[in-house]
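Visitor: Let me give you the structure first, and then I'll get to my questions.
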Amino acid sequence: MGKYMKVVFLKEMLDGFRDRRTIISSLLVPLVLYPMMFTFMDRGLSGMMEGVEERTIVAVAGSAAVYDILALNPGISVRESEDPLADLQNGNVTLALRGTETPDGKLEVEIIYDDKKNDSSRAAELVGRLVGQYGQMAVEQSLAALGIRLADLVPVTQRYTTISEATDETDGGSAGMMASMMVPMLVVVLLAVGGMAIASDLFAGEKERKTMEPLLCTRAGRSAILTGKLLAVTTFALLNVTASVAGMGIALMLAPGIFSMSDEMTGAASALNLPIPVILLTVGLVLLMALVFSGVHVVISTYARTSREAATYGSFIMIVSYVPVFALMFLGAGDIQRWMMFVPVMNVSGALKMVLGGITDYTFLLGSIGVSLLFVLGVMALARWMFTKETIMLRS
1476 MGKYMKVVFL KEMLDGFRDR RTIISSLLVP LVLYPMMFTF MDRGLSGMME
1526 GVEERTIVAV AGSAAVYDIL ALNPGISVRE SEDPLADLQN GNVTLALRGT
1576 ETPDGKLEVE IIYDDKKNDS SRAAELVGRL VGQYGQMAVE QSLAALGIRL
1626 ADLVPVTQRY TTISEATDET DGGSAGMMAS MMVPMLVVVL LAVGGMAIAS
1676 DLFAGEKERK TMEPLLCTRA GRSAILTGKL LAVTTFALLN VTASVAGMGI
1726 ALMLAPGIFS MSDEMTGAAS ALNLPIPVIL LTVGLVLLMA LVFSGVHVVI
1776 STYARTSREA ATYGSFIMIV SYVPVFALMF LGAGDIQRWM MFVPVMNVSG
1826 ALKMVLGGIT DYTFLLGSIG VSLLFVLGVM ALARWMFTKE TIMLRS
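Residue numbers for the sequence shown follow our numbering, beginning at 1476 and rising by one.
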């Protein structure tokens, strides 16, 4: 069996690599697309944050104190206006400000912005901070005139400390919130769809081309044919994932800011330093999930009459795989619960999220591997049974 399984596997791999569409869509596109996409995103976000001051033009009316507020940021352009709202509606300015002196001597600043434009919304946030800064300066000056420091009037101060800092624990680091959200989703979805096209061709396509019956009459047994084709499907799925992860790695080097989201309250990225057993178990779990998805696509393609029918059924598998992935997408690594290791797909997504968050949980990893192995055996048994049924194998 081993000899013929190897022949079938190598033959299908060779045919797959001869197809330029497979090479372009599965390997080249991820290596080029992700670096380009995330580099443009990083530059766009950087441009939005860095250029808001230079692009902000504010129409001002009312109290002259508004000019003092805007003077705190020299990058903002100020324009006196008789009707700031009209200027904002006409698109002549980014923001409109009205300053009003109240009877009790306070300054009331009205910030008018266009909530349908990003530049105007960000400018409103910027000017809002300036107003707060100006108000604090006014309080400090008034207190200083009385010989009082503002700090003396603040009874409570606060600072943020992570549990790792508090206990001096050295964990495995963290890939950052953006990476822990995107990488598990990307890996699972690519595993779900990576082998769908080639599985449709290797099984339903054989029926469509009327080559399945001659193939079953060769010296290679049905188990060897099934195993060789399944390994080919799994290999292409893993190549697709590898190319995509490599593309994301290139994107990380070109645009590190888009993944780290380095604000300390959103999860700053740090160097991952994971134990070798954790890495090996995670890789093994991903391999098993690739076999599960490939086996499901093999079952679907074996049942289908045509490649198009197999692709249609396979799209439902892709949609179903989204549910557990998106259910965990916005959870933190520490939010993953043990019961999730019993749910296929969710256990892989949860394991990747924990690993990227620097959490080592061998129970979760081993339990997830055990569950995935059971599903691999179940799918393989179903596919093997289908291969013994002439009514299924030769249906057209």
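Cβ atoms here follow ideal geometry from the backbone N, Cα and C, with glycine treated the same way.
Keep in mind that this is a model prediction, so the values were computed, not measured.
Compute the beta-carbon to beta-carbon distance between residue 1707 and residue 1488, rounded to the nearest angstrom, for a pair I have assumed lies under 8 angstroms.
Guide: 5 angstroms
Visitor: If distances are taken between C-alpha atoms only, which option among 1851, 1811, 1660 comes closest to residue 1795?
Guide: 1660
Visitor: Leaving out five residues on either side along the sequence, give the residues of the same chain with a beta carbon under 8 angstroms from the beta carbon of residue 1738.
Guide: Any reading at residue 1738 needs caution, since the residue's pLDDT is 43, under 50, leaving its predicted position unreliable; the model's value is listed next. Within the same chain, residue 1738 has no close Cβ partners at all.
Visitor: Quick check on this structure: which residue in 1592, 1556, 1767 has the alpha carbon closest to the alpha carbon of residue 1850?
Guide: 1767
Visitor: Do residue 1510 and residue 1726 have their CB atoms nearer than 9 angstroms?
Guide: Closer than 9 angstroms, so yes.
Visitor: If you follow the alpha helix (DSSP H) that residue 1499 is in, where does it begin and where does it stop?
Guide: Counting along the chain, residue 1499 falls outside any alpha helix (DSSP H), and DSSP gives it neither H nor E.
Visitor: Is there contact between the segment 1559-1567 and the segment 1579-1595, where contact requires at least three CB pairs shorter than 8 angstroms?
Guide: Yes: the two stretches touch, three or more of their Cβ pairs being nearer than 8 angstroms.
Visitor: Report yes if the C-beta distance between residue 1822 and residue 1755 is below 9 angstroms; otherwise report no.
Guide: Contact: no.
Visitor: When the Cα atoms are used, what is the spatial distance from residue 1815 to residue 1692?
Guide: 44 angstroms
Visitor: For the alpha helix (DSSP H) that residue 1838 lies in, which residues bound it at each end?
Guide: 1837-1862
Visitor: Would you tell me roughly how many angstroms separate the C-alpha atoms of residue 1530 and residue 1817, rounded to the nearest one?
Guide: 53 angstroms
Visitor: State the Cα-Cα distance for the pair residue 1478 and residue 1484, rounded to the nearest angstrom.
Guide: 10 angstroms
Visitor: Taking 9 angstroms as the threshold (C-beta atoms), are residue 1629 and residue 1571 in contact?
Guide: no
Visitor: What does residue 1588 pair with, by DSSP beta-bridge criteria?
Guide: DSSP, once it has assigned bridges, lists 1570 as partnering residue 1588.
Visitor: Since residue 1673 and residue 1809 are thought to touch, with beta carbons under 8 angstroms apart, how far apart are those beta carbons, to the nearest angstrom?
Guide: Actually they are not in contact, since the Cβ atoms of residue 1673 and residue 1809 sit about 38 angstroms apart, beyond 8 angstroms.
Visitor: Skipping 5 residues on each side, what residues in its chain have a beta carbon closer than 8 angstroms to that of residue 1684?
Guide: none
Visitor: Assuming residue 1835 contacts residue 1750 (C-beta within less than 8 angstroms), just tell me the rounded distance between them.
Guide: 6 angstroms
Visitor: Can you round the beta-carbon distance between residue 1716 and residue 1800 to whole angstroms, since I take them to be within the 8 angstroms contact cut?
Guide: Not confirmed; about 14 angstroms, so no contact.
Visitor: Out of 1859, 1601, 1613, which one is the CA nearest neighbour of residue 1540?
Guide: 1613
Visitor: Going by beta carbon distance, what residues of the same chain come within less than 7 angstroms of residue 1608, once the five residues before and after it are set aside?
Guide: 1547
Visitor: Would you report the Cα separation of residue 1723 and residue 1482, rounded to the nearest angstrom?
Guide: 34 angstroms
Visitor: Counting along the chain, where does the alpha helix (DSSP H) carrying residue 1824 start and finish?
Guide: 1821-1831
Visitor: State the start and end residues of the unbroken beta strand (DSSP E) segment that holds residue 1679.
Guide: It is not in any beta strand (DSSP E) - residue 1679 carries neither H nor E in the DSSP assignment.
Visitor: Where DSSP assigns a beta bridge to residue 1535, which residues make up the other side?
Guide: 1555, 1572
Visitor: For residue 1703 versus residue 1486, is the C-beta distance shorter than 9 angstroms?
Guide: yes
Visitor: Spatial neighbours of residue 1480 within its chain, please: CB distance less than 7 angstroms, with the 5 preceding and 5 following residues excluded, ordered by chain position.
Guide: 1699, 1702, 1703
Visitor: Using a 10 Å radius around the Cβ and a threshold of 16 neighbouring Cβ atoms, would you call residue 1603 buried or exposed?
Guide: exposed
Visitor: With DSSP as the reference, please indicate the residues paired to residue 1487 in a beta bridge.
Guide: None, per the DSSP bridge assignment.
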